[in-house]
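Enquirer: Here's a structure for you.
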Amino acid sequence: MIELPIIDSAAANEQTPRARYWRSVSQFENSTEFQRVSGEEFIPGASNAPEGATRRQFIQLMGASMAMAGLTACRKPIETIVPFSHMPEDRVEGIPVYYATSMPFRGALRPVLVESYDGRPRKIEGNPEHPDSLGTCSSFEQASILGMYDPDRLSVFNHKGATSDWGSFKSFAGQLAASSRIVVLAEESSSMTLAATRRRLEQKFASVKWIDYSGAAGNASTRGVNAAFGKSARAVHSFSNAKVIVSLDADFLGSVDSDSVVNARGYSASRNVDGTSDVSRLYVIESGYSITGGMADNRLRLKSSEIASFAASLGSGLGVYAGDTGVHSSHPWIGELVSDLQGAGSGAVVVVGDNQPAGVHALAAAMNAKLGAVGTTVRYLDAGDSAADFSAEMTAVIGEMTAGNVDVVITLGVNPVYDVPSFSDAYAKVTERIHVSLHQDETAQGATWSIPQTHFLEEWGDGRSQSGLKAIVQPLIAPLYEGAHSNLEVIALLATGAEQFGYDLVRETWRSELSGNFETAWRKVVHDGFYPSSGFSVLSASASAAGIESAMSNVSVSAHQGIEVVTRLDPKILDGRFANNVWLQELPDPTTKVVWDNIAQMSPKTAENLGLHYKLNGGKYITDIAKIEAGGVSVELPVWIQPGLAEDSIQVTTGYGRNILSDREIRSTNFFDRDDHTDVYGHGAVATGVGSSVAALSARIVTATITKSGSGYMVASTQDHGAIEEEGKIVQKRGLFRQATVEEYRANPKFVAGGEPKPIREDWADYPTLWEERHPANTDVITQSNYHDYQWGMVIDLNTCTGCSACVVACQSENNIQVVGKDEVSRGREMHWIRTDRYFVSGDGASYDSPQMVIQPLPCQHCENAPCEQVCPVAATVHSPDGTNQMIYNRCIGTRYCANNCPYKVRRFNFYNWTKTLPDTIHMAHNPNVTVRSRGVMEKCSFCIQRVRQVNKTANIESRPIEDGEVVTACQQVCPARAITFGNVADPNSAVSQMRTSDRRYELLAELNVKPRVSYLGRIRNPNPNLA
Amino acid sequence: MDKTLAHLADFHDEAPLVKGNLTFHDITEIVSSHTEKKTPLQWYGAFGLALSGLMLMIVMIAYLFWNGTGVWGLNNPVGWGFAIVNFVFWVGIGHAGTLISAILFLFRQQWRTAINRSAEAMTLFAVVCALVFPGIHVGRVWAAYWMLPIPNQMGMWPQFKSPLLWDVFAVSTYFTVSAAFWYVGLIPDLASLRDRATGLRRKVFGVLAMGWTGANRHWRNYEKAYLLLAALCTPLVLSVHSVVSFDFAVSIVPGWHTTIFPPYFVAGAIFSGFAMVITLMVVARKVYNVENIITIDHLEKMNIVILVTGSMVGFAYITEFFIAWYSGVQYEQYAFTNRMFGPYAWAYWTMMTCNLFFPQFFWIKKLRRSIPFMFAISIFVNVGMWFERFVITVVSLHRDYLPSAWDYYTPTWVDVLTFVGTFGLFFTLFLLFLRFLPMVAASEVKGVLPEADPHFYDHEGDGHGADHTLGVAKSKTAH
């Protein structure tokens, strides 16, 4: 018990020497009884607590404890987390709380909103208030939650092979001599606090070389714009204003693009065929087949090495380039593109991909400036990005390291040993090699200090979004592993020698950023997830012809001889940093549908010329291995034949062939037990051994010789179990994907009806549904249910869906969908509830070599007349009163009859107990509102029924109807293109009902009379009629 | 050969159903002795092999239960594979016995008597093999009983619209009635065995024979019961495979959704059942030396049934194609084109060759009376009918409406060994039957002997009329 001084305690002991007056003997004798009775105003016990503290004492103590309780609110968040038995205020068990934060991604912050259940971050969404997100995000943000729970994360300090701790590292940091020559390779970061800490580091040590490590991505764009404008700037696009878009090898809609979310939304806005403005036209000139290429109105296959010539010719046509235009100077497209671009004026925009040399980026900047596009469709932002040539910088640093001129190398969240083959030897020559990383990765294995890094959901930080809006990264949870520290904290420790908490560092920086009452402003920024009107300033510079000339001077515009190999960032695992994420490994590649592998994509003719083949054996893609030799190094990759690629151009992606060490045990089981097969986490780190690395290829575009070095390699894909040529014809004939050109649409708005197959000679609509009068949907139990007022339905707009596959990962995260591994996918047992079907269409003129690619997302269609429901012998799949088709998992016995009878084949069966072997941390990523399915149970898309029911409950409690747009499915929520609309089809004013009145609406396989609740809007293309 | 009155009453000049001038006693001897003699070594050999097969099946099922349905080759579009193919295959085999016993009985086809017992046994055992699959093919085997309408506290009933549920009823009813029919038919023969036996064997057969004494009253009740059961079985023969076919016909999968399925499945079932009877009988009659009871004429008759039903099945195949074209439904058209020219064309052409082409050789009398030839054809038909179910089940599923969902089904070693194992189960049961029970319905065969004719001993009857006494007729010297 705390002893506090009591104010009147001294008065009780006061003695008086004066004459005494007394009123009774007992008073005179001052007996104990008298003292007891007279000392109080009232008789004993009437006013005081029987014993212990007095009322005053009590109130004093209470006051003090309240004050101290208040003090705890001021504690540093870094302190040991409070056990959850002390429930924070306003927390209701089972009701998730949302926090805004940001994910660092390729040098910018991606704004996100994280759902947290009982202190456990669970699901990531885009931040709906942030202009760079508006609530949507890409597959990377969606999957990053699993990255935090990754069981292969580096959990302990490692110093020269022995386990260590933060304390030892602190003493090491304190002893680091100020004369040390330091090289820092830091992941690209927009953090202001890190920049400030970097300056402190540079002040402390004699020599600090800090490299913004862009790795495989490179920074050609920044350098190109720098060449054109004489100032480094970041190109940010507003495709919503675009009328004519020319993409030169740019996959600006693909998830790897730093601004893919904004691009996709802008692009889809420009494709509004039912609005008043004209539909934009997208030209794509590329060597691979990207999803942007799939959206193209006119697409040209061209080797990446020759796109510079195409760009130069275009630049020459637009009058911004006077140099040699090379091999494509008289390409038939140039004239058309020039006139189309000029016609569009400020609505025109030229976009260039990361792979293209800086010169082409410079040309594009000049073209955009010339067209007047700057400010309308493209803005050049003063982002302060380094315009130094990253590869040149790395070469220089490696030279220094080899020469012994470097004492300390600090690698912050980057993996140069994997990315840069020549780094490894030089690295070993440096005495102190400090590596901060999420995994025991290739660099960590060669480091003297490997320090567990915090995931962005566990750390304080800050930075700027692609458009420059500043934001604070706040942690959702204490680091899962005790020793984990952020890059910021490690650098701060090295810079000051004393431990600094990320929270303090970030607040220190923001004191100068924020105006007014700091605490209020800080809380608002943390709460909102961004600091409004803090974007980058717009650069208004004019292009200098000389700069372009010089940038183009070392770019070849001649015809490329031989085979080119183009390395791109992988659309699923980027440069390998997401390689240990099973959701992304099992996400079908948006264009090839390949999972768990990297492949050498090539066109059918190229493969034929190179003598490389594949065969389908039992539905599996068995292929040759191609040996790619360039510049004295070689990599070997399985061959994948992809229609629509440029001839003699081979596409490969980064990030595979990782070697991460994991301290988890390899699962070994008895011979009769298949748990070792079904456990995707059972073979060491997930990324280890998946695919092969292409890092050895020295540049992003190289000329290579290709030979066959093996055969019989199995590539797993979720589609293409055969019949790729046949597929296109069948899609056409069955009217699965319906599209028209703008002219056709204007002439015949109901064109989708023309695609309706005629299943029988008569009009099928005349035939009534079997048991129509006694249909279960008309029974009292359904129609009198409270849920019956809302009839859920979905419309998917094929005109804007790019096929980026963010919905697939969002659904996986929301609905606890399990991952099955490469072998099981090759057996056709993937579990995704929504799939993005990819078809090639060879229309008139288009051939097998150059087909159009279309994407169709396919969730459960929630048929009103569902064939699955009628065949289940145990009534485990039934219709809900609100018109959705639901699986009752604990009733299902797994006959699979429903899956057989599903014409869309959207049902997924648990062939094994996928959850039995999951590591504990992975269980933490599960949604508590969705049943985790056991072995032998069928599952499928539920229209996110848990979200529907949550809104049902809320609306019921508040005694109000559900508002339109209140229920949002996971796929709809994430979709950057806003291609998915969901809502109550019983309400004619709801958004989904409005969409259903569209002329472009059709139902897939409507002629089966299954009455799907999901409908599609036909795609409208806007090709240039003068180009075939 | 002289004729009995019974023969004279026939329209056709038929050969006698039993050859070798056997008497009642001969028949009893031939049939019973096999269950009474010392077990031959060959039987142990065969039984050992069959039992290994059964063990194999049990091990495969244990492996399946331990790990899950994933050990089979199923995938997303192909939710049903070997398990359902085998189920339909075995149910089909199980058609011949009851058809022979019940329908041919009602049609007074007396040649059935030689083969009906073993055919019925085959039926039962085949249905046992078939019943293995519905239970084990579900994902959660421990909950498979939910398909049965068992009252429960949740008031939760099966979904009566599902053909799978109809299947449960159809096949279990079929099994129950077939078993009852078989057992009733066995009673007189069990009594014969009892009468010839001593000790424990006598007691066991005594219980099984249910006190049969051969009294007139017993015979009357027996005949009535047998007739009633035959009448009960007859619709079941038609219904069970019709219901099995509903599993497919009621669905909307192109290649499954076909109204021709019920008769086509029944014909196919009879076809395959008879082929299996031929396969078994050709061997058994030789090994058990009952060639005089199961004569070449019997086999020829069965071959004619095979020819007829095989042609019906072939006709159904062609009809399906015609309807696919005539309907104008492109999904249907694709499904059938895909059967012929798709990745499973080999399965389709195996089916066509075995089921439609080979049985046509039975138009030639010489061939349908040739033991080795009919044995070979019967094997082909068995193979062909298995492939028919494979083609229907797997080939229809692997490519249906949306090309994006197409895949290919490859069975795993577990699939194959489980199927092999069911033959072990079948032959284990069949060998036990041959060893312990009368493989020929002796009492019924006796009924078709010339001696059974009440006028056999009349003048002008075949038994030399008044010249003979009963005693002479009983002697083994007759004819």
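Going down the list, the sequences are from chains A and B. Going left to right, the first sequence walks through residues 1044 to 2071 as my numbering numbers them. Going left to right, the second sequence walks through residues 800 to 1278 as my numbering numbers them. Yeah, the Cβ is synthetic: ideal placement off N, Cα and C, and Gly gets one too.
Using only CA atoms, which one of Ser1211/A, Ser1848/A, Arg1717/A and Asn1859/A lies nearest to Tyr862/B?
Expert: Arg1717/A
Enquirer: In chain order, what residues of the same chain lie with their CB nearer than 7 Å to the CB of Lys1213/A, ignoring the 5 residues before and after it?
Expert: Leu1536 and Glu1542
Enquirer: Between the beta-carbon of Pro1946/A and the beta-carbon of Tyr1200/B, is there less than 8 Å?
Expert: yes
Enquirer: Which first and last residues belong to the alpha helix (DSSP H) in which Gln1694/A is found?
Expert: Segment Ser1692 to Thr1696 is the beta strand (DSSP E) holding Gln1694/A; no alpha helix (DSSP H) there.
Enquirer: Does any residue of chain B have a CB that is nearer than 8 Å to the CB of Phe1433/A?
Expert: no
Enquirer: Does the Cβ of Ile1117/B have 16 or more other Cβ atoms within 10 Å, making it buried, or fewer, making it exposed?
Expert: exposed
Enquirer: Could you give the residue range of the alpha helix (DSSP H) that holds Asn1999/A?
Expert: Ile1988 to Ile2000
Enquirer: In chain A, what lies closer than 8 Å to Asp1214/B by C-beta?
Expert: The contacting residues do not exist; Asp1214/B stays about 13 Å from chain A at best.
Enquirer: Which residues of chain A have a Cβ atom closer than 8 Å to the Cβ of Gln1129/B, listed in chain order?
Expert: Lys1776, Arg1777, Pro1800 and Pro1802
Enquirer: Any beta carbon from chain A within less than 8 Å of Ser961/B's own beta carbon?
Expert: yes
Enquirer: Hey, is Leu952/B's beta-carbon within less than 8 Å of any beta-carbon in chain A?
Expert: Correcting the residue type first, residue 952/B is Gln in the shown sequence and not Leu. By this cut-off, Gln952/B is not an interface position.
Enquirer: Ala942/B CB to nearest chain A CB: under 8 Å?
Expert: So yes, Ala942/B belongs to the interface.
Enquirer: Among Ala1405/A, Glu1230/A, Ser1232/A and Asp1428/A, which has the Cα closest to the Cα of Ala1276/A?
Expert: Asp1428/A
Enquirer: I'd like to know whether the C-beta of Gly869/B is nearer than 8 Å to at least one C-beta of chain A.
Expert: Answer yes: the Cβ-Cβ gap between Gly869/B and chain A drops below 8 Å somewhere.
Enquirer: Any beta carbon from chain A within less than 8 Å of Asn885/B's own beta carbon?
Expert: The beta carbon of Asn885/B does not come within 8 Å of any beta carbon belonging to chain A, so the residue lies off that interface.
Enquirer: Spell out whether any CB of chain B is found under 8 Å from the CB atom of Glu2001/A.
Expert: Not an interface residue.
Enquirer: Does the distance from the C-beta atom of Ser2097/A to that of Leu1688/A stay below 8 Å?
Expert: Outside the shown range of chain A, which is 1044 to 2071, sits residue 2097/A, and nothing can be said about it.
Enquirer: Apply the 10 Å Cβ neighbour rule to Gly2061/A and answer buried if 16 or more other Cβ atoms are within range, or exposed otherwise.
Expert: buried
Enquirer: Can you list, in chain order, the residues of its chain with a C-beta nearer than 6 Å to that of Gln1989/A? Leave out the 5 residues immediately preceding and following it.
Expert: Same-chain partners within the cutoff: Asn1972 and Val1973.
Enquirer: Do you know offhand how far Met1044/A's Cα is from Ser1108/A's?
Expert: Any reading at Met1044/A is ruled out, since the residue's pLDDT is 44, under 50, leaving its predicted position unreliable.
Enquirer: In angstroms, rounded to a whole number, what distance separates the CA positions of Gly1388/A and Gly1418/A?
Expert: 12 Å
Enquirer: Taking only the alpha-carbon atoms, compute the straight-line gap between Trp956/B and Val1921/A and give it to the nearest angstrom.
Expert: 13 Å
Enquirer: Does Ile1282/B come within less than 8 Å of chain A when only Cβ atoms are used?
Expert: The structure shown has nothing for residue 1282/B, since chain B only spans 800 to 1278.
Enquirer: Taking Cβ-Cβ distances shorter than 8 Å, what residues in chain A pair up with Asp988/B?
Expert: The contacting residues do not exist; Asp988/B stays about 40 Å from chain A at best.
Enquirer: Check the Cβ-Cβ distances between Ile1059/B and every residue of chain A, and say whether any is below 8 Å.
Expert: no
Enquirer: Relative to the alpha-carbon of Lys1164/B, which residue among Arg1188/B, Leu1224/B, Glu1250/B and Asn1102/B has its alpha-carbon at the smallest distance?
Expert: Asn1102/B
Enquirer: If we ignore side chains and look at the alpha-carbon of each, how far apart do Glu1122/A and Gly1545/A end up?
Expert: Model confidence at Glu1122/A stands at a pLDDT of 48, short of 50, so the residue's coordinates are unreliable and nothing is read from them.
Enquirer: Grab me the residues of Ser851/B's own chain with a C-beta within less than 7 Å of its C-beta, minus the 5 sequence neighbours each way, in chain order.
Expert: Setting aside the 5 residues that flank it on each side, Ser851/B is surrounded in the same chain by Gly1223, each with a C-beta closer than 7 Å to its C-beta; the list follows chain order.
Enquirer: I need the DSSP call for Trp1145/B, collapsed to helix, strand or coil.
Expert: helix
Enquirer: Using a cut-off of 9 Å between C-beta atoms, extract the partners of Phe1954/A located in chain B.
Expert: Gly867, Thr868, Gly869, Val870, Trp871, Leu873, Asn874 and Gly938
Enquirer: Measure how close the beta-carbons of Thr922/B and Arg1234/B come, nearest whole angstrom, since I'm counting them as under 8 Å.
Expert: About 19 Å separates the two Cβ atoms, so there is no contact after all.
Enquirer: If you measure from the beta carbon of Pro1902/A to each beta carbon in chain C, is any gap under 8 Å?
Expert: Protein chains in the displayed structure are A and B, and chain C is not among them.
Enquirer: Give the residues of chain B in contact with Glu1770/A, contact being defined as C-beta atoms less than 7 Å apart.
Expert: Pro1202
Enquirer: In chain B, which residues lie less than 9 Å from Val1914/A when you measure between Cβ atoms?
Expert: Within 9 Å Cβ-Cβ: Gln958, Lys960, Ser961, Pro962, Leu963, Asp1046, Val1049 and Ser1050.
Enquirer: Exposed or buried, which one is His1280/A when buried takes at least 16 other CB atoms within 10 Å?
Expert: Buried is the call here.
Enquirer: Check whether the segment 1699-1716 of chain A touches the segment 1174-1192 of chain A, taking contact to mean three or more Cβ pairs, one atom from each stretch, closer than 8 Å.
Expert: no
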